[in-house]
Amino acid sequence: MAMEQQQNVPSRGGCFSRFWKRLSTPSARWSVLALVVVGLLIGASGVIGTQVIVGATGTNEFCGGTCHSMQWVAQEYRQSGHYANRTGFRASCHDCHIPNGYPKLLWYKAQAGIRDAVQEARGVISTEERFKKERLRMARLVWAEFKENNSVNCQHCHQFNDDVVAKQKEFVRPMHQQFLANTATCIDCHKGVAHTAPDE
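Mind the numbering: the sequence shown is residues 1 to 200 in my numbering, read in order.
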């Protein structure tokens with residue numbers, strides 16, 4: 001009788017331990033193959049869903065059209081050499097502002113999306129006037145990111161080595177030699193390239 005009472009006492013383990021026990025106990029209803037297939041389907045859905053979201057939010061149309069807080073800088077971008085140039089190559093918002101490689105890309109997009117959505121919801125950057133008021137603060141954040149990562153996104157399109165620098169105009173060479181010597185990075189000199197640089 002005492003043995004039966006002990007078996008009927010509910011387990012005092014936490015939610016996690018009950019979940020883990022259930023997860024590690026073989027299923028009587030499902031075959032291992034069915035469980036593997038379900039797991040693969042869930043994993044594939046996650047990967048495909050992430051790709052779709054990253055693709056949809058990584059276009060210039062999203063940044064300059066759907067994302068209200070970026071509509072004013074999008075107009076400036078359309079007037080820049082990153083949008084219209086002699087080569088015909090058009091750098092996208094994503095090319096310059098989003099890190100390459102999946103862990104960093106997803107983390108950055110999540111942070112930036114939440115930050116911009118909160119600022120938009122709070123009305124911090126909801127109008128052009130308010131945006132202009134906050135512009136220097138936001139630009140400094142972006143400049144700091146570029147400085148911290150050695151303007152790595154610039155270097156995906158603009159590659160410099162001694163041969164390239166030697167062929168450049170005389171007045172440009174000393175600055176790019178500083179870059180090659182790791183004493184300067186792109187954003188140190190090129191703050192107003194794709195967007196109007198706010199007065200510091």
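Built from N, CA and C at the ideal position, the CB exists for glycine as well.
Whole-angstrom distance between residue j and residue i, CA atom to CA atom
i	j	result
ARG22	LEU33	18 Å
LYS133	SER45	42 Å
VAL124	ARG130	6 Å
HIS195	GLU76	5 Å
HIS190	LYS104	24 Å
CYS67	ARG29	48 Å
ILE42	VAL54	18 Å
ALA56	GLY192	27 Å
SER92	GLY65	13 Å
SER27	LEU35	9 Å
ASN60	VAL47	23 Å
MET175	GLN168	11 Å
ALA181	ASN149	16 Å
ASP162	SER151	18 Å
SER24	GLY113	37 Å
HIS158	VAL38	45 Å
ALA144	ALA74	21 Å
GLN71	VAL52	23 Å
VAL9	SER31	Below a pLDDT of 50, predicted positions are generally treated as unreliable, and VAL9, at 49, falls in that range; no measurement from the model is reported.
GLY101	GLN79	29 Å
Own chain partners of residue i with C-beta closer than 8 Å, once the 5 adjacent residues on each side are dropped
i	result
GLN155	CYS186
PHE146	ASN153, CYS154, THR185, CYS186 and ILE187
PHE179	PHE160, THR185 and CYS186
THR50	LEU106
LEU40	none
Integer Cβ distance of residue i from residue j, believed to fall under 8 Å
i	j	result
ASP95	ASN153	6 Å
ALA139	PRO99	With 8 Å as the limit, ALA139 and PRO99 do not qualify as a contact, their Cβ atoms being about 18 Å apart.
VAL164	ARG173	So it is not a contact: roughly 10 Å between Cβ atoms.
SER69	GLU120	5 Å
Own chain partners of residue i with C-beta closer than 6 Å, once the 5 adjacent residues on each side are dropped
i	result
MET1	Note that MET1 scores a pLDDT of 48, beneath 50, so its modelled location is shaky and nothing firm can be said.
Coarse secondary structure for residue i, derived from DSSP in three states
i	result
VAL193	coil
ILE187	helix
PHE19	helix
SER24	helix
GLN168	coil
PRO99	coil
PRO198	coil
ARG173	helix
PHE179	helix
query = Can you list, in chain order, the stretches of the alpha helix (DSSP H) that have 4 or more residues and sit fully within the stretch 27-87?
reply = 32-56 and 71-78
Every unbroken alpha helix (DSSP H) inside the stretch 104-165 [4 residues or more] = 128-148 and 152-157
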